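Enquirer: Below is one structure. I have some questions about it.
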Ligand code: PEP
Ligand code: MG
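In the working numbering, the protein residues as written are 11 to 758.
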């Protein structure tokens, strides 16, 4: 059986070398398989689109049904094979549930049926079918041989072996347009070309007639893999419990006899080492999509990662041999860390991730750079090829891969319109956000990287309302030194050219985990040991940071705020650290800041109810709306299922914010709002109407917010909000939108 299988594979391989059209090659292949397997029928069905399988070649069925017979996914036994991604083997096909009789093929004469999925690395490509008149089930050996053949057909499909220009030709894999619906990570629309973080491995030699050599190659690759897994485990002292679990699983698989045995059997039957790895990987992937058990799914995921590593070792293809980055790269990855993203730098046009989360560090970096980002674009890393055209619609969370011309044109129009709007906003850059009722709102920007600072000038921001210092910690792999931080903060102040920068002390914990700090396994990190709680309990880093800030100011004015203050004593203790830091600096002979403002972020409802003394003591308050909203509604800002469930313009929330405004006004405490909502025009308008006079946002939002504020009369907006409340509405959104639709068009 084995040598028979090898002979067949060799013949299939020979068809690759033949100079014939794609269809002729397919026809040749089905006839080779039918004669080698001694069955009357062999057919290949390939996907036309995600839902439709088309009979593309047959030996034994009526030739006129080729390219005519089509089945939906799940329809008939062929559709069932494709949907279940597993073998369907029956001695009595017509009696099987779901059997669909297709008169045009003449198949009623065949009783036995065996369908095997054609798949490659998670991609379902089609179904290989054999049928015979005699009623018999195909043996496990026959099925195995068929699976090996299906693997080779999958590789050949990938290599474009069945594409040709003749009529009824098959469209090549990875040539058709595909739309991915994901989640918005960062708004904006761009056109660019795909640049894969980990390019697809291409196997050009699926078949080999030297099993000994292939086995030796496989074993040597596995040895290399084992060493690298061991190195990962021993060389990494900062990995957390979860990572250890993953690496343990890697190690287990890398040492698994049965995994190796299966691959060696595949090689024996004629596959090359890389095709054998892929065959087992494809099976693991199809099981992964079907596994209900989360643990099992995770383990299959680990096996998948490991197989990828093995393939890269065998083929020598990896990140080192990356294709040239195009001029307009759209980065496509399963997930990416902030460090890797920073290595790519600002030249990226857009980013599309299969995983990721809105609050992840990578998303924060993408947002800071205003690079459109779509996350949860499931399946894009398997579908996209380097250099494919990609349209990233960051406003809707949609990605068009290899779009049709009309979509591309419409998208270009959209980009042109946005560019026009940006131009319009640029003309507002030096004008104040002065409303029709004569109120001026100060618009500041949020930042966190040195690279953000040029936007201060370009956007017309009046200062930095929030400088997230943790980004500097997140992007490193070891704790930064005081001198480094002080130089950096000093450069930030220099580039701000006298405009005020509000430095927020380290806000780590929750989703922001430093790889070099001992991890904490917390059941609910968002409400756990984070931000100022860490700073006060382990004050070493806080003290170092405060000192770095004082030295950076070097006699200039300084504004510092503490994140996640929940009650007065936390603020007092943090402020006390600052007072002590100043005293130390003075003793050491360093210049103290010309003025020092010490503020608190209001991110939990508790602080809004703090005693008057707190509001009197604090120099300023900045509302961290992202966290405040999550705690007000008890809806995790990271959880896609709930994060959009409650509207910021919900009247309960607005009423709450009004109280914060009133308390600050009573104590004469300057107040700002620095959550993401400050950068959304409608939300910003309502915040201004409630009494916020300082809003801090992403630089790209300043133009649109300013443009709207300049058209608005805040007294009227206030009345609209009150009207919505009086009418018993849940949210003010519809009422404000309605009011807006009745305003004159923008004059600027
Ligand atoms: C916030 O919570 O609104 C905020 C500005 O801080 P971060 O998003 O960094 O938690
Ligand atoms: Mg926050």
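Backbone N, C-alpha and C fix where the C-beta goes; we use that ideal spot for every residue, glycine too. Treat the numbers as computed from the prediction; the structure is a model and nothing was measured.
With three or more C-beta pairs closer than 8 Å as the rule, is the region 197-207 touching the region 402-410?
Expert: Touching, yes.
Enquirer: Can you give the beta carbon distance from residue 746 to residue 727, rounded, assuming they're within the 8 Å contact cut?
Expert: Contact holds; Cβ gap of about 7 Å.
Enquirer: Cβ of residue 573 within 7 Å of any heavy atom in ligand 2?
Expert: It does: the Cβ of residue 573 is within 7 Å (strictly closer) of some heavy atom of ligand 2.
Enquirer: Quick one: grab the DSSP three-state call for residue 176.
Expert: Note that residue 176 scores 48 on pLDDT, short of 50, meaning its location in the model is unreliable; the coordinates nonetheless yield the value given after this. In this structure, residue 176 counts as coil in the three-state DSSP scheme.
Enquirer: Report the partner residues of residue 575 according to the DSSP bridge assignment.
Expert: Residue 575 pairs with 612.
Enquirer: For residue 132, which three-state DSSP category applies?
Expert: Three-state DSSP puts residue 132 in coil, outside helix and strand.
Enquirer: Can you have a look at residue 271 and say buried or exposed, based on whether 16 or more other CB atoms are within 10 angstroms of its CB?
Expert: Classification of residue 271: exposed, given that the 10 Å Cβ count is below 16.
Enquirer: Would you kindly report the start and end of the unbroken beta strand (DSSP E) that includes residue 455?
Expert: That run of the beta strand (DSSP E) goes 450-457.
Enquirer: Would you call residue 99 buried or exposed, if buried means 16 or more other Cβ atoms sit within 10 Å of its Cβ?
Expert: Burial call: buried.
Enquirer: Please report the Cβ distance between residue 511 and residue 477, rounded to the nearest whole angstrom; I am assuming they are in contact, meaning their Cβ atoms lie under 8 Å.
Expert: Right, their Cβ atoms sit about 5 Å apart.
Enquirer: Of all the options 558, 533, 528, 559, which has the alpha carbon lying nearest to the alpha carbon of residue 764?
Expert: For the chain, the structure presents residues 11 to 758; residue 764 sits outside this window and is missing.
Enquirer: So which of 676, 439, 274, 373 has the shortest CA-CA distance to residue 351?
Expert: For the residues 676, 439, 274, 373, the minimum Cα distance to residue 351 belongs to 373.
Enquirer: Just to confirm my understanding: we take residue 701, look at its own chain, exclude 5 residues before and 5 after, and list those with CB closer than 6 Å. What are they?
Expert: So the qualifying residues of the chain are 671.
Enquirer: Rounded to whole angstroms, what is the Cα-Cα separation between residue 635 and residue 687?
Expert: Computed Cα separation, rounded: 7 Å.
Enquirer: Using DSSP with H/G/I as helix, E/B as strand and the rest coil, what is residue 62?
Expert: Three-state DSSP puts residue 62 in a strand.
Enquirer: Okay, do the region 431-446 and the region 408-420 touch, 3+ Cβ pairs below 8 Å being the bar?
Expert: No, they do not touch.
Enquirer: Return the chain-ordered list of same chain residues with a C-beta closer than 8 Å to the C-beta of residue 661, the five sequence neighbours on each side being excluded.
Expert: 731, 734, 735, 739, 740, 741, 742, listed in sequence order.
Enquirer: What residues are listed by DSSP as bridge partners for residue 190?
Expert: Partner(s): 409.
Enquirer: Spell out the partners DSSP gives residue 127 in its beta bridges.
Expert: For residue 127, which the question treats as bridged, DSSP gives the partners 137.
Enquirer: Looking at residue 646 and ligand 2, is the gap between the Cβ and the nearest heavy atom below 7 Å?
Expert: False, no ligand heavy atom lies under 7 Å from that Cβ.
Enquirer: How is residue 155 classed by DSSP in three states: helix, strand or coil?
Expert: Three-state DSSP puts residue 155 in a helix.
Enquirer: I'd like the list of long-range same chain contacts for residue 146, defined as Cβ closer than 7 Å, with 5 residues on each side in sequence excluded.
Expert: Correct list, in chain order: 101, 122.
Enquirer: If you reduce the DSSP assignment to three classes, tell me which class residue 201 lands in.
Expert: Three-state result, residue 201: strand.
Enquirer: Quick one, which of 444, 137, 261 has its alpha-carbon nearest residue 63's?
Expert: The residue with the shortest Cα to Cα distance from residue 63 is 137.
Enquirer: Could you have a look at residue 827 and say whether DSSP puts it in helix, strand or coil?
Expert: With the chain covering only 11 through 758, there is no way to say anything about residue 827.
Enquirer: Going by DSSP, what residue range makes up the alpha helix (DSSP H) through residue 666?
Expert: First-last of the alpha helix (DSSP H) with residue 666: 661-677.
Enquirer: Reducing DSSP to helix, strand and coil, say where residue 403 ends up.
Expert: Three-state DSSP puts residue 403 in a strand.
Enquirer: For residue 569, does the three-state DSSP call read helix, strand or coil?
Expert: Of the three classes helix, strand and coil, the one that applies to residue 569 here is strand, per DSSP.
Enquirer: Please give me, in chain order, every unbroken run of the beta strand (DSSP E) with length at least 3 that falls completely inside the region 691-752.
Expert: Those beta strand (DSSP E) runs which fall completely within the region 691-752 and span 3+ residues are 704-707.
Enquirer: Which residue or residues does DSSP assign as beta-bridge partners of residue 510?
Expert: Looking at the DSSP assignment, residue 510 forms a beta bridge with 473.
Enquirer: Go ahead and pull the three-state DSSP assignment for residue 305.
Expert: It is helical.
Enquirer: Identify every residue that forms a DSSP beta bridge with residue 277.
Expert: In the DSSP output, where bridge partners are listed per residue, residue 277 has none listed.
Enquirer: Assess contact between the region 145-164 and the region 42-49, defined as three or more Cβ pairs (one per stretch) separated by less than 8 Å. Is contact present?
Expert: Yes, they touch.
Enquirer: Looking at residue 709 and residue 465, is the spacing between their C-beta atoms short of 8 Å?
Expert: Cβ atoms of residue 465 and residue 709: closer than 8 Å.
Enquirer: Give the secondary structure of residue 633 by DSSP, where H, G and I count as helix, E and B as strand, and everything else as coil.
Expert: Strand at residue 633.
Enquirer: Return helix, strand or coil for residue 330, following the three-state DSSP convention.
Expert: Bear in mind that the predicted position of residue 330 carries a pLDDT of just 43, short of 50, making it unreliable; the figure below should be weighed with that in mind. Residue 330: helix per DSSP, three-state reduction.
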